[in-house]
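> Numbering (this note's numbering), first residue to last: 787 to 1445.
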C-alpha cells in the first residue's frame, strides 16, 4: 500500500496499534526511506538515473531555446557537475515560503518546479517537480550555483537539507545559467561509482536529440579504465539522422537511403523526429524518446510510428498490385530495423517516475499523422526504393508465416503425443513444444530415480531401461518389435522406425544416452547407439543423438572437489590440480550412487555438463568397412566378435601400459 510510506506500522510498547504508531515523514525524508519509489531502486541503473535527472533539466532549457551549451564534468570523489548557460534557477524569495528563495524551495520540496504549466516551458522532460529534489535528498553534498542578472549565487545542501542560506558570491558579467554539483550518498548506494563510459554515452545521445545544443564532456583521466575520452564536444546538426548513419556504419541495408525526417505537430506545441533503416544481415534496435527522455519500453509514440509504417507499406503494396501486402504485420517491417524516434509534446504522461514508457494517448495519433504522409512519399517518390523495401518485408512475412506453421505442427504433434498412451516408466517433461527439450535414456531404476530428482521438470524427460537392451544387429524385425524395452523407447520418441521414421515427429529436441561410466555402461551405450544407427539413422544425421559424460571418480582435497570422467582424466587432474596434495578418491559404481545434486551438476545441467554428439556420415550405408565392423561386433556370429578381440587385445594392452 502506498500509504505505508507515511504511516509507520511499528507497535507501541503495549503492543497496541494506536495514534502513537503513526509516523508522518516530512520534507525529503520519504525519498531517503523509499528511494525505489522515485528512481526505481538503488542499483547501478538507478544510481546513474541521478545524472539523467540533472541533465534533463539542462536539456529542457536548451529545448525551450534558452541554453545553447551544457557541460558535464566527472571528478574524483564521485563528484558530478552539470552546467548549462540557460536562464538560471530563480533566486528571488518564493511568495508561499517567506524567508526561502525559489532555489531552496525547488531543491528541498517535492512537487515544486516550473513545469506544471506552459508558462516557463512549452515542452519539458520534467513533470512532477521531484527530479532535482530527489537528487538532493540522495546526495551527501549538493552545491548549486546560479548566474542571473550578471550576479552569481550559491547554496549548499546535504541529504536534502540546506546547510545555510542562499549566498550572493559576487558579480558574474560574462556568465549565466545553472551549475549543479552533487556526490551520491554512500548510505543509500554503498561504494558505487559513476562509470565514465556510461555518462559519456548519455551525453552523446542527448546531443543527437536536439540539434541546437552543444554538450561538452570532461572527466578526470584517473577515473577512466577503458577507451572513453577524457574530453569531448558533441553537436549534431542532422540530429537523429546523423546518429543513425553512425550506428549503421558500412552495413548493407534494404534501401540505400534511410527514412528520416521531422514534423511539427499542427495546432499544438511539439514535434516529432525519426530515423529508420533496414539492415539486411544483422539484428535491429529501438531508441524511443519523449522530450529528450529515453523511454526504453516504448509506449504510445512507438504505437503511432508502427501504425503509420504498416499502413504505408500495405498501401504501397496495393499501389503496385502486390496482393500479399495486405497480410503484412508490424513485426514483418519493424522487427529487424534500426529505429530512432523522438517526440516533443506538452504535458506527457509516463508509466512511472523513471519514465520508462510513454502513456499519453494523443501521442499515437500525432505521430501516426505526422509520419504517414512522409512515409508514403518515401516509398512512391522513388519506386525502385519502395519496391526493394516491399520485397524485403514480404520475405520477412513469408519467414514469419513459415515459423508459425512449423510451431503449429509441433504443437499439434506434442498435443497428439500427450493423448497417446505413453510408456508407464517415462517421466515426461512439461513443455508443450519439443524445442529445447531432452529425453535421458537411463540405465536402471536406481539411476532413473536419481535422474528424476536432478532434472529440469520443464525440459528434461527420463526413461529408465532395464539392463542391456536387445542387440538389434542380430535380431529379426519381429523380435525387435516384441521387445518391451525397445517398444517403450519407440513409443516415447513418437517418430517411428526405419522407412516410417519421421524426425519432424520427434517429441524431443535431444536424445541423451546416459549410462554408467564403466565397461557395462559402455556396452549398454553401444547397444543403444546400434539401435539408433539401424532403426532411426535420420535422427543421428540431424544431430538429435547425444552421449552423456558422467564422472567415474570424485577427487577431494581440503575444500576442493573435482570429478574425473575416466582413469586418464583422473591422472591428468592429479597432476595439474592436486600435485603433491593429500587427496581422497571415491569411485562411482553407477549413476544410482550419485546424489541428485551431483548428477545434476556433472551430467544434466546444461551450464556445467559435457556431452558428446553422436554423428553418422551421410554416406554411412555406402561405407563397406564401417558396415562390416558393426556386423562383426554386433552381429549374430559370436566367432567374429571373438576374433576381433584376439586381433586387437595386444594393441589395447600396449596402449594401456603407455598411458
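Don't be surprised by glycine CBs; every beta carbon is placed ideally from N, CA and C.
Since this is a predicted model, take the numbers as computed values, not measurements.
1) Where does residue 803 sit, in a helix, a strand or coil, going by DSSP?
2) At the level of alpha carbons, what is the spacing between residue 1045 and residue 1226?
3) Smallest Cα separation from residue 1331: which of 1279, 1362 and 1355?
4) Roughly how many angstroms lie between the CA atoms of residue 903 and residue 1082, to the nearest whole one?
5) Counting beta carbon pairs with one atom in the segment 993 to 1012 and one in the segment 1021 to 1037, are three or more of them shorter than 8 Å?
6) Can you round the beta-carbon distance between residue 923 and residue 1091 to whole angstroms, since I take them to be within the 8 Å contact cut?
7) Buried or exposed for residue 1003, going by 16 or more other Cβ atoms inside 10 Å?
8) With which residues is residue 1397 paired in a DSSP beta bridge?
9) Check whether the Cβ atoms of residue 1321 and residue 1262 sit closer than 8 Å, and answer yes or no.
10) Below 8 Å, how does it come out for the segment 1357 to 1373 and the segment 1209 to 1217: are there three or more Cβ pairs, yes or no?
11) Rounded to whole angstroms, what's the CA-CA distance from residue 1265 to residue 1334? Just pull it up for me.
12) Beta carbon of residue 1337, beta carbon of residue 1350: below 8 Å?
13) For residue 1041, which residues from the same chain have a beta carbon less than 7 Å from its beta carbon, with the 5 sequence-adjacent residues on both sides left out?
14) Is DSSP giving residue 949 helix, strand or coil here?
15) In whole angstroms, what is the alpha-carbon distance linking residue 1167 and residue 1096?
16) Specify, as a first and last residue, the run of the beta strand (DSSP E) that residue 1073 falls within.
17) Check whether the segment 1117 to 1126 touches the segment 1143 to 1151, taking contact to mean three or more Cβ pairs, one atom from each stretch, closer than 8 Å.
18) Just the C-alpha distance for residue 803 and residue 822, rounded to the nearest angstrom, thanks.
19) Residue 1098 lies in the alpha helix (DSSP H); which residues open and close that run?
20) DSSP three-state call for residue 819: helix, strand or coil?
21) Among 1110, 1398 and 859, which residue has its Cα nearest to the Cα of residue 981?
22) Can you list, in chain order, the residues of its chain whose CB lies under 7 Å from that of residue 1078, leaving out five sequence neighbours each side?
23) Determine the closest residue to residue 1276 out of 863, 1152, 1400 and 1209, with distance taken between C-alpha atoms.
24) Taking the beta strand (DSSP E) that residue 1373 belongs to, which residues open and close that run?
25) For residue 805, which residues from the same chain have a beta carbon less than 8 Å from its beta carbon, with the 5 sequence-adjacent residues on both sides left out?
26) Can you give me the Cβ contacts of residue 1164 inside the same chain, cut-off strictly under 7 Å, excluding the 5 residues immediately before and after it?
27) So residue 994 is in the alpha helix (DSSP H); what residue range does that whole segment cover?
28) Using only alpha-carbon positions, find the residue among 890, 935 and 1345 that is nearest to residue 918.
So, from the data block:
1) Position 17 of the chain shown holds residue 803. In the structure shown, residue 803 sits in coil (DSSP, three-state: anything other than H, G, I, E or B).
2) By 1-based counting over the chain shown, the position of residue 1045 is 259. By 1-based counting over the chain shown, the position of residue 1226 is 440. C-alpha separation (whole angstroms): 52 Å.
3) To locate residue 1331, count along the chain shown from 1; it is residue 545. It is 1279 whose Cα lies nearest to the Cα of residue 1331.
4) One-based indexing of the chain shown puts residue 903 at position 117. One-based indexing of the chain shown puts residue 1082 at position 296. Residue placement at residue 903 is poorly supported in this model, since its pLDDT is 42, which falls under 50; the coordinates are not used for a value here.
5) yes
6) For the purposes of this step, residue 923 is identified with residue 137 of the chain shown, where counting begins at 1. For the purposes of this step, residue 1091 is identified with residue 305 of the chain shown, where counting begins at 1. Going by Cβ atoms, the distance from residue 923 to residue 1091 rounds to 36 Å, so no, they are not a contact pair.
7) Residue numbering aside, residue 1003 sits at position 217 when the chain shown is read from its first letter. Buried, because 16 or more other Cβ atoms sit within 10 Å of the Cβ of residue 1003.
8) Against the chain shown, residue 1397 aligns to sequence position 611. Residue 1397 pairs with 1334.
9) As a position in the chain shown, residue 1321 is number 535, starting the count at 1. As a position in the chain shown, residue 1262 is number 476, starting the count at 1. No, the Cβ-Cβ distance between residue 1321 and residue 1262 is not below 8 Å.
10) no
11) Within the chain shown, the letter at position 479 stands for residue 1265. Within the chain shown, the letter at position 548 stands for residue 1334. Their Cα atoms are separated by approximately 28 Å.
12) As a working note, residue 1337 is residue 551 in the chain shown. As a working note, residue 1350 is residue 564 in the chain shown. Contact: yes.
13) The residue labelled residue 1041 in the question sits at position 255 within the chain shown. Answer for residue 1041: 1064, 1171, 1174 and 1175, listed in chain order.
14) Sequence index remark: in the chain shown, residue 949 carries index 163 (1-based). Coil at residue 949, not helix or strand.
15) Numbered from its first residue, the chain shown carries residue 1167 at position 381. Numbered from its first residue, the chain shown carries residue 1096 at position 310. Rounded to whole angstroms, residue 1167 to residue 1096 spans 18 Å at the Cα level.
16) Position 287 of the chain shown, counted from the start, is the residue given in the question as residue 1073. 1071 to 1076 is the extent of the beta strand (DSSP E) around residue 1073.
17) no
18) Within the chain shown, the letter at position 17 stands for residue 803. Within the chain shown, the letter at position 36 stands for residue 822. Residue 803 and residue 822: Cα-Cα distance of roughly 27 Å.
19) Position 312 of the chain shown holds residue 1098. Here the alpha helix (DSSP H) through residue 1098 covers 1086 to 1105.
20) Numbered from 1 along the chain shown, position 33 holds the residue referred to as residue 819. Looking at residue 819 - three-state DSSP - the assignment turns out to be helix.
21) The residue you call residue 981 lines up with position 195 of the chain shown. Ranking 1110, 1398 and 859 by Cα distance to residue 981 puts 859 first.
22) One-based indexing of the chain shown puts residue 1078 at position 292. Here the set comprises 842, 845, 849, 911, 992, 995 and 996.
23) Residue 1276 sits at position 490 when you count from the first residue of the chain shown. Cα-wise, what sits closest to residue 1276 is 1209.
24) Numbered from its first residue, the chain shown carries residue 1373 at position 587. Where residue 1373 is concerned, the enclosing beta strand (DSSP E) stretches over 1370 to 1373.
25) The residue you call residue 805 lines up with position 19 of the chain shown. Once the five neighbours on either side are set aside, residue 805 has no close Cβ partner at all.
26) The residue labelled residue 1164 in the question sits at position 378 within the chain shown. Hits under 7 Å: 1045.
27) Residue 994 sits at position 208 when you count from the first residue of the chain shown. Per DSSP, residue 994 belongs to the alpha helix (DSSP H) from 982 to 995.
28) Counting from 1 along the chain shown, the entry for residue 918 is found at position 132. Residue 918 has its Cα closest to that of 890, out of 890, 935 and 1345.
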